[in-house]
Every structure is written in structure tokens, then in C-alpha cells.
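Chemist: Got a structure for you, written out below as C-alpha cells; questions coming shortly.
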């Protein structure tokens with residue numbers, strides 16, 4: 002069950018989306034690929050947020066960025082990349098075994114590598130943006146024919162997902178020492194001992210549908226999700 006404060010933030014975000022749609026203002030979701038003109042602006046926004054929060058210096062960004070842009074500026078961003086057989090995921094630096102095999106062993110099922118979408122670069126300007134991005138992400142993952150979101154989650158992000166009623170499967174710990182010389186670029190990010198987490202997007206959507214405010218928020222942005230996924234995004238493959 003969502004807490005009253007989360008309910009209030011989600012309700013406000015949903016109402017703002019509806020208001021902006023009514024008045025033709027700029028609140029919208031979009032997918033930014035490597036060649037999109039706004040790419041430099043979005044990367045700068047992400048890097049600035051990470052620097053302010055963790056003292057981190059980001060040098061790499063995921064190939065697709067799910068962007069929430071409101072009438073008063075950028076609201077939040079979440080990066081995405083679908084798993085491919087010939088390319089390791091960023092989070093697999095922490096693992097001895099491919100992520101889909103660990104998840105499959107955990108659930109006692111076969112998990113296809115192509116069903117995974119790695120997410121990262123999560124930043125937000127205001128409360129409610131992160132929740133909306135996760136709700137939109139779940140819909141987008143299903144829309145492109147994938148099933149799982151896998152990511153490095155700080156305790157704060159894990160608490161956010163728990164408040165949304167999302168079941169999380171922990172694949173391991175994100176050990177910053179595995180990054181070698183790149184660890185210094187991440188500032189204090191690893192001080193919170195983040196975990197490697199998987200979330201079933203189909204199950205998450207089912208959970209959202211049962212909760213009035215999350216359901217309202219999903220309905221508010223659904224047409225934008227469909228438009229995003231119908232764009233030329235290569236089903237989120239790099």
C-alpha cells in the first residue's frame with residue numbers, strides 16, 4: 002500500500018499532466034536517443050544532478066533516455082538499454098554470471114537475455130517525478146516486448162519502489178571496488194551500499210492498476226508511452 006505522502010505526490014503529478022494536456026503546455030514524456038538534438042542538454046542535466054548529489058563525474062550515459070519535461074523545465078530522466086547477447090550490461094561488472102542466469106536461478110525459471118532492460122542515470126527535479134518515470138518505464142518495457150528492469154538501486158530507490166508496491170528481486174550487491182580506477186568518478190554514490198535489483202514490469206503494471214493514484218497516473222501518460230515506443234527506438238537495443 003502506498004503511503005499518504007506518495008499518494009499525494011502522485012496525485013499532484015497526474016493532475017499536472019492532465020492540466021498541461023488541457024492547456025497545450027509542454028509536460029510530456031519522450032525518448033532521447035544518441036542522435037536526438039536535445040541529447041547534450043539532457044546529459045548535462047543528469048551529470049549536474051549526480052555531481053550535486055554524490056560529487057560524481059559521469060562520463061557515460063545509457064543509449065536511450067526517458068525524459069519527463071514539464072512546463073517549467075526538466076522534471077526527471079531515466080536511462081535505458083536492452084540487454085543483447087554480445088554486449089555486457091554495466092551492472093554485470095559486479096557479477097560473475099550474466100544477470101539473466103542469476104535471475105533465472107533465483108526464480109527457478111528460464112529468463113531470456115533479451116527480456117532484460119537495464120536502467121540507470123535516474124535523476125529528478127521534484128518529488129513525484131521518479132515515481133512517474135518508473136510507472137512509465139514499466140509500461141514502456143512491456144510495450145517493446147521485454148519483461149524485466151534490472152538496475153543498481155540505492156536504499157532510497159528501493160524504498161521508493163516498495164512504497165509503490167513493486168516487488169524487487171535482489172541479484173547481489175553493487176561493489177564499487179569492481180570498477181577499479183573508475184570508482185573515483187562516482188563520488189559518494191557507493192557509500193550507501195546499493196543493490197542489484199530486478200523488477201518484473203508486467204507484475205509492476207498489475208500492482209499499479211490496483212492503486213487508484215498510480216492507475217490514474219499511468220492512464221494520464223499512456224498515450225505518450227505508446228507514442229514513444231512507436232518511434233524509431235530500436236526496441237531499446239543499443
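In the working numbering, the protein residues as written are 2 to 239.
Just so you know, even glycine gets a beta-carbon here, dropped at the ideal spot from N, CA and C.
Note that the structure is predicted; figures quoted are calculated from it, not measured.
Buried or exposed: residue 76, going by 16 or more other Cβ atoms within 10 Å of its Cβ?
Modeler: buried
Chemist: What three-state label does DSSP hand residue 47 in the structure shown?
Modeler: helix
Chemist: Taking only three categories from DSSP, how would you classify residue 209?
Modeler: Helix at residue 209.
Chemist: Is it the case that the segment 128-141 contacts the segment 173-192, given that we only count it when at least three CB pairs across the two stretches are under 8 Å?
Modeler: no
Chemist: Helix, strand or coil for residue 90, going by three-state DSSP, please let me know.
Modeler: coil
Chemist: Could you tell me the boundaries of the alpha helix (DSSP H) in which residue 110 lies?
Modeler: Where residue 110 is concerned, there is no enclosing alpha helix (DSSP H), given that its DSSP letter is neither H nor E.
Chemist: Beta-carbon separation of residue 115 and residue 91 under 8 Å?
Modeler: Pairing residue 115 with residue 91 gives a Cβ-Cβ distance that is not under 8 Å.
Chemist: Return helix, strand or coil for residue 215, following the three-state DSSP convention.
Modeler: Three-state DSSP puts residue 215 in a helix.
Chemist: Hey, out of 73, 45, 98, 119, whose CA is closest to residue 200's CA?
Modeler: 119
Chemist: Just how far apart, CA to CA, sit residue 63 and residue 213?
Modeler: 32 Å
Chemist: Quick check on DSSP: helix, strand or coil for residue 22?
Modeler: Residue confidence is low: residue 22 scores 44 on pLDDT, short of 50, so the model does not pin down where it sits. Its coordinate-derived value is still stated next. Helix, per DSSP.
Chemist: For the beta strand (DSSP E) that contains residue 174, what are its first and last residues?
Modeler: 170-174
Chemist: Taking the Cβ atom as the reference point for each residue, do residue 66 and residue 56 lie within a distance shorter than 8 Å?
Modeler: no
Chemist: Residues bridged to residue 201 by DSSP?
Modeler: 149
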